[in-house]
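Numbering (full-length UniProt numbering), first residue to last: 1 to 208. Take a look at the structure set out below.
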């Protein structure tokens, strides 16, 4: 049994055995059917073979655009297929984000996406976290950044037409943070919730 690098975890990547792995679908996303065994907490033995489907996605990166001088932050609104059955709306409030292209760093991705999706030029975005938004079924790793920049325009439409993007920019005041985070139906994706919680924490620390 290997020792995990994270001191809070008992097992490491070496404690999983991949018995078979096959691509069963390849489109906008890929789906693999995988059979594995992994160690058990009780006695560190291996489990019986387990079959799972894995949605494979490239890494993604997003950035929270905020303006500390004017106490503003930016969100975007766009249609999301994953919310097609949502009872309120398939359009989501999100932070600027996109897939990390081959040969590109996550930092370069958010710089590119900020210009494409919000018309904002940023430099030296601040790294916050990397996390799996849905590790129960998908391998996508999301890299979250923040960038303090000038925000002076809103309700403009952005996006890359060749990528079927139709994006509306919202520039909001810091005082609206509380409402967004307390109203359970306003925010429904993890990157924007984590990003706005981070901004709320920064505001709280600044006021101490």
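Glycine included, each C-beta is placed from N, C-alpha and C at the ideal position.
Among the options, the one whose alpha carbon lies nearest that of residue i
i: residue 118; options: 1, 181, 103, 98; result: 98
i: residue 190; options: 94, 200, 158, 206; result: 94
i: residue 146; options: 198, 164, 173; result: 198
i: residue 150; options: 167, 176, 115; result: 115
i: residue 88; options: 207, 185, 202; result: 185
i: residue 108; options: 60, 155, 71, 81; result: 60
i: residue 54; options: 21, 71, 81, 39; result: 21
i: residue 148; options: 91, 157, 72; result: 72
i: residue 175; options: 159, 196, 167; result: 196
i: residue 122; options: 106, 65, 160; result: 65
i: residue 56; options: 105, 40, 32, 154; result: 32
i: residue 46; options: 70, 16, 153, 67; result: 16
i: residue 67; options: 120, 207, 160, 144; result: 120
i: residue 103; options: 69, 85, 39, 58; result: 58
Spatial distance of residue i from residue j (CA atoms)
i: residue 34; j: residue 135; result: 15 Å
i: residue 43; j: residue 10; result: 12 Å
i: residue 27; j: residue 126; result: 33 Å
i: residue 164; j: residue 79; result: 10 Å
i: residue 170; j: residue 30; result: 32 Å
i: residue 156; j: residue 205; result: 32 Å
i: residue 82; j: residue 91; result: 10 Å
i: residue 100; j: residue 74; result: 21 Å
First through last residue of the alpha helix (DSSP H) which encompasses residue i
i: residue 190; result: 190-206
Contact set for residue i: own chain, Cβ-Cβ below 6 Å, skip 5 residues either direction
i: residue 12; result: 2, 4
i: residue 14; result: 2
i: residue 51; result: 35
i: residue 7; result: none
Cβ-based neighbour list, residue i, same chain, cut-off 8 Å, excluding 5 preceding and 5 following
i: residue 200; result: 177, 178, 181
i: residue 132; result: 138, 139, 140, 141, 142
i: residue 113; result: 61, 62, 63, 96, 97, 98
i: residue 76; result: 93, 94, 95, 96, 117, 118, 158, 167, 168, 169, 170
Boundaries (first-last residue) of the beta strand (DSSP E) holding residue i
i: residue 39; result: That residue, residue 39, is in no beta strand (DSSP E); it is neither H nor E in DSSP.
i: residue 19; result: 16-26
Own chain partners of residue i with C-beta closer than 7 Å, once the 5 adjacent residues on each side are dropped
i: residue 19; result: 35, 36, 37, 49
i: residue 193; result: 187
Within-7 Å CB hit, residue i to chain D
i: residue 40; result: Here chain D cannot be found, since the structure has a single protein chain.
Could I get the ranges of all uninterrupted alpha helix (DSSP H) runs contained in the UniProt domain "Nudix hydrolase" (56-200), with 4 residues as the minimum, in chain order? 106-118, 177-182
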